[in-house]
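To start, the structure under review is shown below, and the notes come after it.
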Amino acid sequence: MTATAVEMRDAGLAFGKRSLWSGLDLDIGAGEFIAVLGPNGSGKSSLLKVLLGQLSLSAGSVRFPALQHRRRGPAIGYIPQQGTTEEAPAVRGVDLVGLGLDGHRWGLGLRGKRERDRRVAEAVRAVGATPFAEQPITRLSGGERQRLRVAQALVGEPSVLLCDEPLLSLDVTHQGVVGELIERRRRSAGTAVVFVTHEINPVLPYVDRVLYLHDGDFRVGTPDEVMNSATLSSLYGTKIEVVRLAGQIHVAGAHVALCEDEPHHVEERVL
Amino acid sequence: MENLFDIELTLRLLGLDFVRHALLASALLGLVAGALGPLIVMRRMAFAVHGTAELAFTGAAAALLLGMVFEGVAVEYGAIAGAVLAALLLGILGGRSAERDSVIGVVLAFGLGVGVLLLWLYPGRAHTQLGLFIGQVISIDRTNLAVYAVSTVAVLGVLALLYRPLLFASADPVVAAARGVPVSLLTPLFAVLVGIATALGVQTVGMLLVLALLVTPAAAACRVTSSPTRAIVLAIAFAELAVLGGIVLSLAPGVPISAFVTAISFAIYLSCRLVEHLRARVRRRKDADASEGAATAGAAAPAAGR
Numbered sequence: 001m002t003a004t005a006v007e008m009r010d011a012g013l014a015f016g017k018r019s020l021w022s023g024l025d026l027d028i029g030a031g032e033f034i035a036v037l038g039p040n041g042s043g044k045s046s047l048l049k050v051l052l053g054q055l056s057l058s059a060g061s062v063r064f065p066a067l068q069h070r071r072r073g074p075a076i077g078y079i080p081q082q083g084t085t086e087e088a089p090a091v092r093g094v095d096l097v098g099l100g101l102d103g104h105r106w107g108l109g110l111r112g113k114r115e116r117d118r119r120v121a122e123a124v125r126a127v128g129a130t131p132f133a134e135q136p137i138t139r140l141s142g143g144e145r146q147r148l149r150v151a152q153a154l155v156g157e158p159s160v161l162l163c164d165e166p167l168l169s170l171d172v173t174h175q176g177v178v179g180e181l182i183e184r185r186r187r188s189a190g191t192a193v194v195f196v197t198h199e200i201n202p203v204l205p206y207v208d209r210v211l212y213l214h215d216g217d218f219r220v221g222t223p224d225e226v227m228n229s230a231t232l233s234s235l236y237g238t239k240i241e242v243v244r245l246a247g248q249i250h251v252a253g254a255h256v257a258l259c260e261d262e263p264h265h266v267e268e269r270v271l
Numbered sequence: 001m002e003n004l005f006d007i008e009l010t011l012r013l014l015g016l017d018f019v020r021h022a023l024l025a026s027a028l029l030g031l032v033a034g035a036l037g038p039l040i041v042m043r044r045m046a047f048a049v050h051g052t053a054e055l056a057f058t059g060a061a062a063a064l065l066l067g068m069v070f071e072g073v074a075v076e077y078g079a080i081a082g083a084v085l086a087a088l089l090l091g092i093l094g095g096r097s098a099e100r101d102s103v104i105g106v107v108l109a110f111g112l113g114v115g116v117l118l119l120w121l122y123p124g125r126a127h128t129q130l131g132l133f134i135g136q137v138i139s140i141d142r143t144n145l146a147v148y149a150v151s152t153v154a155v156l157g158v159l160a161l162l163y164r165p166l167l168f169a170s171a172d173p174v175v176a177a178a179r180g181v182p183v184s185l186l187t188p189l190f191a192v193l194v195g196i197a198t199a200l201g202v203q204t205v206g207m208l209l210v211l212a213l214l215v216t217p218a219a220a221a222c223r224v225t226s227s228p229t230r231a232i233v234l235a236i237a238f239a240e241l242a243v244l245g246g247i248v249l250s251l252a253p254g255v256p257i258s259a260f261v262t263a264i265s266f267a268i269y270l271s272c273r274l275v276e277h278l279r280a281r282v283r284r285r286k287d288a289d290a291s292e293g294a295a296t297a298g299a300a301a302p303a304a305g306r
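So this is what it looks like as structure tokens:
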């Protein structure tokens, strides 16, 4: 847990005059699980795009010290938010997962095909997708695709895992399965996890720290430090009530969009 | 057309050198078209292929005209140059998918206008001009054949080298970009491969019908398989069937081959849609049976527990 996977220094992101967040100092350690919360349009997905190198910071810096001189892409696992990807024809679940393993390599990939097939089958089995992995993805439901996306991200054995609402359209059982898989990956391999979500409770036992974004401001800390009435009230500038109920966190207060049922889509149109 | 089933005449013609050259060149074209087709379908590039073909025509028309002045400017080089230029232009100008459609329309219209002007300036035989529209595979000689062979090897070689990242970028561009695949570099590279294939197609089936070989076989294949590898194998088989079958059928009646090539590839496409439809029906029936079976089993379970 000593190595730093991601290092952000005085980082800021603005579109034109509108600042999403600024002055963000954040070190994400290897094996650390960070949940990113905040209302729609607070810059959660944009933070992931910055970490992916697809969006440049308007201020400050972001580094991946643990990667040293290796390329960033192959070391990253990415679960995109549902509905932001178009599904192509003539692609099966296994193809999608397989591309997550070696799609960034040149050539046809005929050598080592047996080992590749074994690893893909293993990753597919882990998310319980074996019964439908041979079907074209265009025919699968949202939840089925989402589980394949998780397999696709994990099969590449990433050292940094970026997840954009990975629990969306999953039932409670599969939310648990996905949460456990990600948890196991970071325990066994020290993968740093950045987990954008609008619902913290399904992963609350795993979360080391919370990054809560709101209206250009943010709070970072353990779930207890951030998810309490005082902290959220000061962040929102209005009275917020945080209640712990049966090990779950419930937020009540004026216009708090923490538990909104829709995903955030506002920043998706930027790219 | 009354000679359509004159097998004796067909066999006699098949013995001729120029017919054999035509068949060989078309076989190479079918190979390239089938190999690129599924990626073209996946990337929704049918209109881009059409636009590229029209500019291959412009390039060929320019080469026709230049050929009057300079010895050795062959039409196929003009077609390849035009298509590659068009592909690059479309790749650079139409980077954003939202604009791609209109950019192709704009470039295509201008290129076609230039091509018409060039053809009008060309004082040669009208037959040569018409050949660019509907193909003139019969005029392919040994030199053309060498160009075809070199182009085929080059396109297939580059495709093999780029295959995995190209498939990733085509099937799943968002995650591909995240994983470090140079998606924006692959787009013009693939466009150049398509440009070369298109230029070869302009020679055989003509500018108007390149889609019949680059898009239709792959679109048909994608109806009956969802494995990218199998889609390529099927698309090659369909393209070969269409282009070789079209040539053989066109021999005796002396009809332009494009009529038969497009008819065969369209028939294959319709058959594949039919197969897809029938399979879906079988699948639905199976699903219905399965859920009925599960319901019966569920009802039986408590009884067994008692």
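Which chain is which? The protein sequence lines are R and V, in order.
To convert, note that position 174 of the first sequence is 174 in UniProt numbering; the numbers rise steadily by one, no gaps.
To convert, note that position 212 of the second sequence is 212 in UniProt numbering; the numbers rise steadily by one, no gaps.
Virtual Cβ for every residue (Gly too), placed ideally from N, Cα, C.
Under 7 Å by beta carbon: chain V residues contacting residue i
{"i": "residue 72 of chain R", "result": "180"}
{"i": "residue 54 of chain R", "result": "177"}
Amino acids of chain R, ordered along the chain, whose beta-carbon sits closer than 9 Å to that of residue i
{"i": "residue 68 of chain V", "result": "Under the 9 Å cutoff, chain R gives no residues; its nearest Cβ is about 44 Å from residue 68 of chain V."}
{"i": "residue 154 of chain V", "result": "In chain order: nothing, as chain R lies at least about 16 Å away."}
Where residue i falls: helix, strand or coil (DSSP)
{"i": "residue 74 of chain R", "result": "helix"}
{"i": "residue 23 of chain R", "result": "strand"}
{"i": "residue 308 of chain V", "result": "Residue 308 of chain V lies beyond the range of chain V shown here (1 to 306); nothing can be said about it."}
{"i": "residue 198 of chain R", "result": "coil"}
{"i": "residue 45 of chain R", "result": "helix"}
{"i": "residue 142 of chain R", "result": "helix"}
{"i": "residue 171 of chain R", "result": "coil"}
{"i": "residue 224 of chain R", "result": "helix"}
{"i": "residue 248 of chain R", "result": "strand"}
{"i": "residue 63 of chain R", "result": "strand"}
{"i": "residue 209 of chain V", "result": "helix"}
{"i": "residue 5 of chain R", "result": "strand"}
{"i": "residue 173 of chain V", "result": "helix"}
{"i": "residue 215 of chain R", "result": "coil"}
{"i": "residue 101 of chain V", "result": "helix"}
{"i": "residue 16 of chain R", "result": "coil"}
Other residues of its chain near residue i: CB distance less than 7 Å, five sequence neighbours each side excluded
{"i": "residue 269 of chain V", "result": "216, 219 and 220"}
{"i": "residue 25 of chain V", "result": "137, 140, 144, 145, 148 and 204"}
{"i": "residue 38 of chain V", "result": "218, 221, 222, 228, 231, 232 and 235"}
{"i": "residue 307 of chain V", "result": "Outside the modelled stretch of chain V, which goes from 1 to 306, sits residue 307 of chain V, for which no answer is possible."}
{"i": "residue 155 of chain R", "result": "97, 100, 101, 119, 120 and 123"}
{"i": "residue 73 of chain R", "result": "104"}
Contacts around residue i, its chain only, beta-carbon distance under 8 Å, and the 5 residues preceding and following it disregarded
{"i": "residue 80 of chain R", "result": "149 and 164"}
{"i": "residue 31 of chain V", "result": "152, 156, 236, 239 and 240"}
{"i": "residue 25 of chain R", "result": "8, 9, 10 and 11"}
{"i": "residue 181 of chain V", "result": "165, 168 and 169"}
{"i": "residue 84 of chain V", "result": "192, 195, 196 and 199"}
Cutoff 6 Å; reference residue i; Cβ partners in own chain excluding five residues on either side
{"i": "residue 68 of chain R", "result": "none"}
{"i": "residue 93 of chain V", "result": "103"}
{"i": "residue 58 of chain V", "result": "82, 111, 114 and 115"}
{"i": "residue 49 of chain R", "result": "55"}
{"i": "residue 262 of chain V", "result": "209 and 212"}
{"i": "residue 388 of chain V", "result": "In the structure displayed, chain V extends from 1 to 306; residue 388 of chain V sits before or after that span and is not available."}
8 Å contact criterion, which residue i and residue j should meet: CB distance rounded
{"i": "residue 94 of chain R", "j": "residue 120 of chain R", "result": "6 Å"}
{"i": "residue 208 of chain R", "j": "residue 32 of chain R", "result": "5 Å"}
{"i": "residue 38 of chain R", "j": "residue 212 of chain R", "result": "6 Å"}
{"i": "residue 20 of chain R", "j": "residue 162 of chain R", "result": "Wrong, their Cβ atoms sit about 17 Å apart, outside the cutoff."}
{"i": "residue 209 of chain V", "j": "residue 36 of chain V", "result": "Incorrect: roughly 16 Å between the Cβ atoms, too far for contact."}
{"i": "residue 49 of chain V", "j": "residue 194 of chain V", "result": "6 Å"}
Contact list for residue i against chain V, beta-carbon separation under 9 Å
{"i": "residue 107 of chain R", "result": "160, 161, 162, 163 and 164"}
{"i": "residue 76 of chain R", "result": "178, 179 and 180"}
Neighbouring residues, chain R, relative to residue i (Cβ below 8 Å)
{"i": "residue 168 of chain V", "result": "99, 103 and 104"}
{"i": "residue 228 of chain V", "result": "90, 91 and 95"}
{"i": "residue 263 of chain V", "result": "Result: empty, since nearest Cβ-Cβ is about 24 Å, beyond 8 Å."}
{"i": "residue 191 of chain V", "result": "The premise fails here: residue 191 of chain V is roughly 17 Å from chain R at the closest Cβ pair, so nothing lies under 8 Å."}
Beta-carbon neighbours of residue i, restricted to chain C and to distances below 9 Å
{"i": "residue 207 of chain V", "result": "You won't find chain C in this structure, because its protein chains are R and V."}
heavy atom of the ligand NAP below 6 Å from residue i C-beta
{"i": "residue 243 of chain R", "result": "You won't find the ligand NAP in this model; it holds no ligand whatsoever."}
Partner residues on chain R for residue i, Cβ-Cβ distance less than 7 Å
{"i": "residue 222 of chain V", "result": "89 and 90"}
{"i": "residue 174 of chain V", "result": "80, 84 and 85"}
**Request:** Taking only beta carbons into account, state which residues of the segment 78 to 105 of chain R come closer than 8 Å to chain V, listed in chain order.
**Result:** 78, 80, 84, 85, 88, 89, 90, 91, 92, 95, 96, 99, 100, 102, 103, 104 and 105
**Message:** By the 7 Å beta-carbon criterion, what residues does the segment 173 to 200 of chain R contribute toward chain V?
**Reply:** none
**Message:** Give me the subset of the segment 33 to 44 of chain V whose CB atoms are less than 7 Å from a CB atom of chain R, sorted by chain position.
**Reply:** 38, 41 and 42
**Near-chain V residues of the segment 124 to 152 of chain R (beta-carbon distance less than 9 Å), N- to C-terminal order** = 134, 135, 136, 137, 138, 139, 149 and 152
**Prompt:** Using a Cβ cut-off of 9 Å, which residues of the segment 25 to 37 of chain R contact any Cβ in chain V, in chain order?
**Reply:** none
**Request:** Note down, in chain order, all residues in the segment 278 to 295 of chain V with a beta-carbon under 7 Å from any beta-carbon belonging to chain R.
**Result:** none
**Message:** Along the segment 230 to 249 of chain V, where does the CB come closer than 8 Å to a CB of chain R? Name the residues.
**Reply:** 231
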